[in-house]
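Undergrad:
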Amino acid sequence: MKTRVRPEDCPGSPPPRVEIPVRDTPPEAVQCGRLRAQGRHLARQEAWEVLARGLREADAARDATSGGTSVARLLAEGACSDAMESALAAVGRDDPTAARASLFALRDAIDGAEHEPWLAAMLAQAHLAVAKAWAARAGGLLHRDARAQHLEAAQRLIAPFDPLEHDSPLLAALRCGLLDLDPYPQQRVVDDYEDLIDLNPACPDHLRALGRDLTPQRFGDWERLDREARRTAGHTADIWGLGGYAWVWFDALANDAPGGFAQVDAELFAEGLHDILHRRPDQHMANLLAAYCGLTLSGAAVPGSARARIAGCFGWIAQDHLREVHPELWAGARPVRGTTDGGERLRLGQARALSALAEHFAHQLARGRQVRFAETGIMLSPSPCAACTLAPCSALAYPRRDQRDEDAPCLT
């Protein structure tokens with residue numbers, strides 16, 4: 153559903169006069185919900201052969217939603233959702249025995265799951281998700297042991313199946329997710345992710361995961377991360393242009409990492425954002441990148457710094473690409489304290505988006521103008537000139553390559 157909302161409709165919002173359509177249930181959310189429901193239905197019907205075939209075919213075809221999410225992953229999430237609900241509730245009670253029992257019961261319900269690569273991957277994915285839930289707890293010995301047990305269970309499930317032999321990005325992603333169990337993950341991380349990205353270079357989730365695992369807190373350092381971001385951009389240039397560089401750095405910069413901002417090439421990152429939106433000019437991508445630049449990286453930044461340069465890309469993204477707000481993406485762009493239900497998250501995301509837009513267009517609002525977003529562009533009223541529509545915003549950030557008379561940036 154798409155409605156037109158102004159900031160005054162949201163409590164605590166900035167001054168009024170920014171109007172933009174808000175889509176609470178964008179196409180990406182609809183597709184993800186439908187695929188999870190499909191997987192859940194097949195599991196409840198115990199149609200394991202049909203489910204295995206669906207997982208295998210989606211994985212082989214590299215099927216993805218309009219937002220780039222793996223269809224195989226979503227089917228697997230849906231199929232395990234009942235068991236996962238019980239397991240995550242047990243995690244919340246600090247009951248590792250019950251959490252394991254929930255997933256083991258699902259495994260026992262599937263005859264021969266250990267011999268079917270995609271059903272094994274489905275179960276391993278569930279164990280990995282529960283392991284992450286344990287990792288998010290306080291960090292005591294009980295939590296660490298519970299996490300390790302789920303990681304080991306996932307490892308046992310997928311160990312017999314080689315991702316390259318089965319041409320399976322799903323298996324390759326799980327192998328990368330289990331690097332914690334390797335005695336020398338620093339030596340494997342690049343090779344394992346190279347296999348994964350070669351199998352499915354069009355999935356941005358894999359490039360983002362590579363960057364997260366190359367941070368100093370995981371298995372790399374900032375210099376190595378930048379080197380691999382450049383190399384990955386070269387390998388994926390036919391799909392993303394220079395966008396691969398931005399994707400690898402994307403989550404690594406999100407945690408306010410001074411060392412990362414000291415290493416990243418902000419101009420190359422900005423160029424990558426242009427290339428991503430040139431290749432994927434949909435509203436899901438526009439909202440994802442706008443929320444990242446305008447909210448995740450917002451805050452005090454030294455003028456001329458890498459952080460200021462990348463955060464400043466919000467201007468041209470909002471002006472040239474953003475035409476509606478997807479609140480869920482804005483809600484997830486910065487951690488939310490406590491727990492919120494779906495409605496509260498949507499209201500929070502909407503308020504965040506409107507606040508960022510009002511701040512960016514403050515100079516227009518201060519002149520008493522209304523900023524109205526439409527499919528054809530951004531309209532100002534009362535306009536400073538006849539039929540005023542804001543022009544493309546190339547001056548706000550690194551101009552597109554076709555607007556410059558220079559060589560392409562060097563990736564080495």
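Residue numbers (our numbering): 153 to 564. Note that beta-carbon positions come from the ideal geometry of N, C-alpha and C, so glycine has one too. This one's a predicted model, so the numbers in the text were calculated from it and none came from an experiment.
So what does DSSP say about P173, is it helix, strand or coil?
TA: Three-state DSSP puts P173 in a strand.
Undergrad: What residues in its chain sit with their C-beta under 7 Å from that of L447, if we drop five residues either side in the sequence?
TA: Same-chain partners within the cutoff: W482, A485, R486, R504 and A508.
Undergrad: Which residue comes first and which comes last in the alpha helix (DSSP H) that contains S507?
TA: That run of the alpha helix (DSSP H) goes G494 to H512.
Undergrad: Between D260 and G424, what straight-line distance do the alpha-carbon atoms span, to the nearest angstrom?
TA: Their backbone Cα atoms lie some 46 Å apart in a straight line.
Undergrad: Can you say whether R459 is buried or exposed, counting buried as having 16 or more other CB atoms within 10 angstroms of its CB?
TA: Result: buried.
Undergrad: Let me check one thing: in DSSP terms, what residues is V416 bridge-paired to?
TA: V416 is not bridged to any residue.
Undergrad: Might you give, ordered along the chain, the residues of its own chain that have their beta carbon closer than 8 Å to the beta carbon of G456, omitting 5 neighbours on each side?
TA: No residues qualify anywhere along the chain.
Undergrad: Let me know if A539 comes out buried or exposed under the rule of 16 or more other beta-carbons within 10 Å of its beta-carbon.
TA: Caution applies to A539, whose pLDDT of 47 falls short of 50 and renders its modelled position unreliable; the value that the coordinates give is listed next. Exposed, by the Cβ-count rule.
Undergrad: Using a threshold of 8 Å, state whether the C-beta atoms of E380 and L351 are closer than that.
TA: Contact: no.
Undergrad: I'd like to know if the segment 289-301 and the segment 224-236 are in contact, where contact means that at least 3 CB-CB pairs between them fall below 8 Å.
TA: Short answer: they don't touch.
Undergrad: Among residues of its own chain, excluding the 5 on either side of G411, which ones have a beta-carbon nearer than 6 Å to its beta-carbon?
TA: Correct list, in chain order: W374.
Undergrad: For V477, which beta-bridge partners are listed by DSSP?
TA: Its beta-bridge partners are V174.
Undergrad: Can you tell which of D427, A305 and G191 has its C-alpha closest to the C-alpha of L330?
TA: The candidate whose alpha carbon is nearest that of L330 is A305.
Undergrad: Apply the 10 Å Cβ neighbour rule to T591 and answer buried if 16 or more other Cβ atoms are within range, or exposed otherwise.
TA: Nothing about residue 591 can be read from this structure; the chain reaches only from 153 to 564.
Undergrad: Quick one: what does DSSP say A605 is sitting in, helix, strand or coil?
TA: Because residue 605 is not part of the residues shown, which for the chain are 153 to 564, the question remains open.
Undergrad: If you count every other CB in all the chains shown that lies within 10 Å of the CB of E496, and 16 or more means buried, which is it?
TA: Exposed, because fewer than 16 other Cβ atoms sit within 10 Å of the Cβ of E496.
Undergrad: In or out: Y336 buried (at least 16 other Cβ within 10 Å) or exposed?
TA: With fewer than 16 other Cβ atoms within 10 Å, it is exposed.
Undergrad: By the DSSP assignment, the alpha helix (DSSP H) with S254 in it spans what residues?
TA: P248 to A261 is the span of the alpha helix (DSSP H), which, as asked, contains S254.
Undergrad: Keeping to the same chain, check which residues put their C-beta closer than 7 Å to that of F313; ignore five residues upstream and five downstream.
TA: Same-chain partners within the cutoff: P269, A272 and L323.
Undergrad: Given that a residue counts as buried once 16 or more other Cβ atoms are within 10 Å of its Cβ, and exposed if not, what is R188?
TA: Buried: at least 16 other Cβ atoms inside 10 Å.
Undergrad: Since V477 and V174 should fall inside the 8 Å C-beta cutoff, what is the C-beta to C-beta distance between them, to a whole number of angstroms?
TA: Yes, V477 and V174 are in contact; Cβ-Cβ is about 5 Å, under 8 Å.
Undergrad: Among all the DSSP beta bridges, which residues are the ones paired with S222?
TA: A216, per the DSSP bridge assignment.
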